[in-house]
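For reference, the structure is listed below as structure tokens.
There are 2 protein chains.
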Amino acid sequence: MAMLSVAPAGYVVSRHALASANKCHSGAFRPTAGAARILHLRLDSVTAKPSEPATTEAVDDYLKAILELSGPEENRVTSNALAGHLGIRPASVTGMLQKLAGQRPSFIRYKKHHGVFLTDTGKHRAMEVIRHHRLLERFLHDVLDFSWDEVHDEAERLEHYISEHLEDRIAAKLGDPDVDPHGHIIPEKNGAAAVRAETVLAKWPCGVPAVISSVSDKDPAALREMKRRGLLPGASLIVEPGTRSASLAVRISGNPPARLSQELASRILVVHR
Amino acid sequence: MAMLSVAPAGYVVSRHALASANKCHSGAFRPTAGAARILHLRLDSVTAKPSEPATTEAVDDYLKAILELSGPEENRVTSNALAGHLGIRPASVTGMLQKLAGQRPSFIRYKKHHGVFLTDTGKHRAMEVIRHHRLLERFLHDVLDFSWDEVHDEAERLEHYISEHLEDRIAAKLGDPDVDPHGHIIPEKNGAAAVRAETVLAKWPCGVPAVISSVSDKDPAALREMKRRGLLPGASLIVEPGTRSASLAVRISGNPPARLSQELASRILVVHR
DNA sequence: TTGTAAATTTAGGTATGGCTAAATATTTAT
DNA sequence: ATAAATATTTAGCCATACCTAAATTTACAA
Ligand SMILES: [Mn+2]
Ligand SMILES: [Mn+2]
Ligand SMILES: [Mn+2]
Ligand SMILES: [Mn+2]
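Chains U and P supply the protein sequences, listed in that same order. So for the first sequence, numbering that gives the first Met the number 0 puts the first residue at 0; every next one is plus one. So for the second sequence, numbering that gives the first Met the number 0 puts the first residue at 0; every next one is plus one.
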């Protein structure tokens, strides 16, 4: 039997924890081998509750993707959809899903050829990572003067590596903000998050007063254009009746009338004023 | 021929960069497979200068360890020493050294059975990571109210994952500090760092006035004790003549006379007052 | 209902970075 | 100078996570 990878009651010992102990004394437990860093060492010391399995960056990204793609109705997500979203080949997705589904307890429930959905544990972990992401974006923007088109990439990486302690400090420093710089709701520490019934601006009825609730944070160039044109969360607007072809005419409060491409309008979410 | 892992002129494309592009369009380059995240995507776009090879967290840690263990005289470092410092088996170290030494350009120079030392490129990268570490410690301490015994572990992880942009922002926010919370000198952006001739307090001559220049940041409990007893960088002290057994008697300015264990005294570095 | 196209999985490989046990080389002590 | 002790390397494995090409399902359309 090679390898003693698990500490007393099922807790995974991250390599880093040992390494930074600088010379693991005597016959200490050796962490599981392998290249991937296991995130979020949780020891809970005496309180031996099962807790969640440790995750890696890759696993975190799968969980987030499943959460996003399953939508509010919590549909099953297909391998192909995941592959597309993650920029990974479908065959690789299958491999990961099988491995995750085989874990106990598991983050996901997976049926061959019929997609995957998150267990409560999986949802919880996904929300935690999303909380990290949005808090980081808010922090980078408000405290470190990142512009709103720069925060996403940095947060996308760091979200997997900050400790719960740092998460708490950031939240405290910011006064427990509700939304990130793009208007996305920051989940509570316990994983809860309010849901808003948002509509894509491209599909919003003409003539009905709207307020921008959030915008997609994925494309920096689009974000810069939005900022330049006053399309920020909280901005009021009305879509001019008639025009709904390649672009739509929009009246943005405090700005001159403008025409938005479908492209841009599809990256903006609104709610009733 | 399987795998297209390298972009046009030898630049490594990190998986994350593609993934966050959210669906890599058409026949885009696919990143090299594997679990380890490659840090610090540098594209330099048109300016096709060779630059440094991309690193992983593991490689960064090896480079830092080699730098630390080789000391100011830049001695060769043995596999065993590295293994001990990194909490890794010697056989694993050999494997890594051989791989690194085989790269072009290489971070290290390695001769079988005769240890390893850093090339200029390796030194440069190690200094960069150390700059990240110390800036992060200063930032966590000053801006996010971490105590000085909490900063090390968090910085040890994040040092590998912050971008150059975030590094710059942190430095700017702090006003380009010279030292971290433990008194360690923060290298310049270009990799340069002043060297101080420090002496371990345990070996400092009795009766000679000294100032604490820095303390080891590895052991949180020791740090808490130091703080409690006024043993902070900048504090003046004199070792009482005579006593130099298991503990030594010390007069710390502004504090009552105290006895320090050799253990603690070995974690404190001093310079002439 | 059956055939075909699309989606998904299997099979076989790569890279990173650990580990153990068994060689081998270097050092140190006689 | 040589033998024993110590240090280091080799050989063979494991886990994570991704890829391509070749099955295999499933879904849809005639
Ligand atoms: Mn991510
Ligand atoms: Mn956002
Ligand atoms: Mn590290
Ligand atoms: Mn420090």
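By construction, the Cβ of each residue, glycine as well, lies at the ideal position given by its N, Cα and C atoms.
Given a length threshold of 4 residues, each whole run of the alpha helix (DSSP H) inside the segment 99–167 of chain P is given here in chain order: 119–141, 150–157. Proximity of the beta carbon of residue 180(U) to ligand 2 is indicated: a heavy atom of the ligand is located closer than 7 Å. For the C-beta of residue 172(P), the chain U residues within less than 9 Å are, from N- to C-terminus, 142, 143, 144. For residue 170(P), the closest of 160(P), 200(P), 147(P), 136(P) by C-alpha to C-alpha distance is 136(P).
Using a CB distance cut-off of 8 Å, residue 160(U) counts as an interface residue toward chain P. A distance of 8 Å or more separates the beta carbons of residue 141(P) and residue 219(P).
Under the three-state reduction of DSSP output, residue 230(U) falls in the coil class, being neither helix nor strand. Counting C-beta pairs with one atom in each stretch, the segment 126–135 of chain P and the segment 81–88 of chain P have fewer than three that are closer than 8 Å, which means they do not touch. Excluding its 5 nearest sequence neighbours in each direction, residue 272(P) has C-beta neighbours in its own chain below 7 Å: 208, 209, 210, 235, listed in chain order. Per DSSP, the unbroken alpha helix (DSSP H) holding residue 84(P) starts and ends at 78–85. Taking a C-beta distance under 8 Å as the contact criterion, residue 118(P) and residue 105(P) qualify as a contact pair.
Residue 156(P) has its Cβ nearer than 7 Å to a heavy atom of ligand 3.
Remark: the C-beta of residue 166(U) is outside contact range of ligand 2, defined as less than 7 Å to any heavy atom. If you draw a 10 Å sphere on the C-beta of residue 182(U), you find 16 or more other C-beta atoms in it, and that means buried.
Taking a C-beta distance under 8 Å as the contact criterion, residue 201(P) and residue 245(P) do not qualify as a contact pair. Residues of the segment 73–95 of chain U whose Cβ lies closer than 8 Å to any Cβ of chain P, in chain order: 83, 84, 85, 86, 87. When only Cα atoms are considered, residue 184(P) and residue 153(P) end up about 18 Å apart. In the DSSP assignment, the residues bridged to residue 235(P) are 210(P). The residue among 156(U), 172(U), 168(U), 102(U) with its C-alpha nearest the C-alpha of residue 165(P) is 156(U).
Within the DSSP bridge table, the entry for residue 265(U) names no partner. Relative to the non-hydrogen atoms of ligand 1, the Cβ of residue 127(U) never comes closer than 7 Å to any of them.
A residue is called buried when at least 16 other Cβ atoms come within 10 angstroms of its Cβ; residue 52(U) meets this threshold and is buried. In the three-state reduction of the DSSP assignment, residue 194(U) falls in the coil class, being assigned neither a helical nor a strand state.
The alpha-carbon of residue 62(U) is positioned some 21 Å away from that of residue 150(U). Inclusion of residue 136(P) in the 7 Å shell around ligand 4 follows from its C-beta lying nearer than that to a non-hydrogen atom of the ligand.
Against chain U, the beta carbon of residue 153(P) has neighbours under 9 Å at 161, 162, 164, 165, listed in chain order. Residue 80(P) and residue 114(P) have their C-alpha atoms some 9 Å from each other. An exposed status is given to residue 72(U), since fewer than 16 other beta-carbon atoms sit within 10 Å of its beta-carbon. Closer than 8 Å to the CB of residue 263(U) there is not a single CB belonging to chain P.
Relative to residue 107(P), the option among 145(P), 83(P), 59(P), 143(P) whose CA is nearest is 59(P). Shown here, residue 223(U) sits in a helix according to DSSP, grouped into three states. Distance from residue 168(U) to residue 144(P) at the Cβ level is roughly 6 Å; contact confirmed, criterion being Cβ atoms closer than 8 Å.
The three-state secondary structure of residue 54(P), taken from DSSP, is strand. In the three-state reduction of the DSSP assignment, residue 260(P) falls in the strand class.
Among the residues of the segment 53–68 of chain U, those with a Cβ less than 8 Å away from any Cβ of chain P are 55, 56, 57, 60, in the order of the chain. In its chain, beyond the 5 residues on either side, 109, 115 have a beta carbon closer than 6 Å to the beta carbon of residue 96(U).
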